[in-house]
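Q:
In our numbering, the protein residues as written are 129 to 324.
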């Protein structure tokens with residue numbers, strides 16, 4: 129069973145819709161898509177919105193849509209907020225900072241702007257939207273800062289993997305090191321999990 133599909137940002141809308149429908153039919157629970165940054169930077173915000181809305185429609189009501197903003201390419205926090213608002217208005221169930229391949233990926237300031245967009249939407253509509261900072265969160269101390277920010281901005285009910293997740297493969301090693309240190313008193317190897 130297919131759990132998740134990730135759509136490439138530069139594919140045509142027809143291909144993205146066909147891939148989404150195929151994934152839904154195969155049993156996917158979630159679909160990830162990257163916004164069309166080229167259209168966003170050209171100011172064609174209607175296209176960005178409509179593309180997200182079309183993919184959400186193809187997902188139906190039982191498959192969650194995560195919209196990746198690729199914030200490292202958006203240039204400034206105002207653009208991050210605008211892209212967040214567009215994605216949420218178009219029906220995103222989750223917004224995600226990045227694929228983790230573009231630097232900078234997740235940062236505290238970018239994440240806070242995205243959380244504020246989610247909060248404002250929730251206050252207006254009562255509809256919760258999830259958040260996933262991805263890339264660059266490599267240790268538990270930094271992860272705690274993100275968790276505190278989510279709690280203080282959105283509240284305790286977002287501190288659940290249905291609404292908040294980390295996209296940080298290297299974080300798992302650090303968390304395991306911290307757990308083992310508590311039980312043994314000493315740090316162990318930092319390479320328990322493969323980073324491949």
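By construction, the Cβ of each residue, glycine as well, lies at the ideal position given by its N, Cα and C atoms.
Quick caveat, the model's predicted, so the values are computed rather than measured.
1. Taking three-plus beta-carbon pairs below 8 Å as touching, is the stretch 222 to 240 in contact with the stretch 175 to 183?
2. Taking the alpha carbon of residue 241 as the point to measure from, which residue in 215, 222 and 205 has its own alpha carbon closest?
3. Using alpha carbons as the reference points, say which of 246, 238 and 260 lies closest to residue 254.
4. Measure the C-alpha to C-alpha separation of residue 129 and residue 220 and round it to an integer number of angstroms.
5. Measuring only the C-alpha atoms, how far is residue 305 from residue 314?
6. Quick check: residue 191 and residue 217, are their CB atoms within less than 8 Å of each other?
7. Please report how far the alpha carbon of residue 145 lies from the alpha carbon of residue 236, in whole angstroms.
8. How would you write the range of the beta strand (DSSP E) that residue 160 sits in, first residue to last?
9. Going by other Cβ atoms of all chains shown within 10 Å of its Cβ, with 16 needed for buried, is residue 186 buried or exposed?
10. For my contact list, residue 261 and residue 227 are in at a C-beta cut-off of 8 Å; report their separation, rounded to the angstrom.
11. Nearest-angstrom Cα distance between residue 165 and residue 312?
12. Return yes when the Cβ of residue 286 is within less than 8 Å of the Cβ of residue 294, no when it is not.
13. Starting from the C-beta of residue 143, find all residues in its chain whose C-beta is less than 7 Å away, skip the five residues before and the five after it, and write them out in chain order.
A: The structure says:
1. no
2. 205
3. 246
4. The predicted model places residue 129 with a pLDDT of 45, which falls under 50 and marks its position as unreliable, so this point remains unresolved.
5. 9 Å
6. no
7. 33 Å
8. 158 to 162
9. buried
10. Residue 261 to residue 227, Cβ: 12 Å. No contact.
11. 48 Å
12. no
13. none
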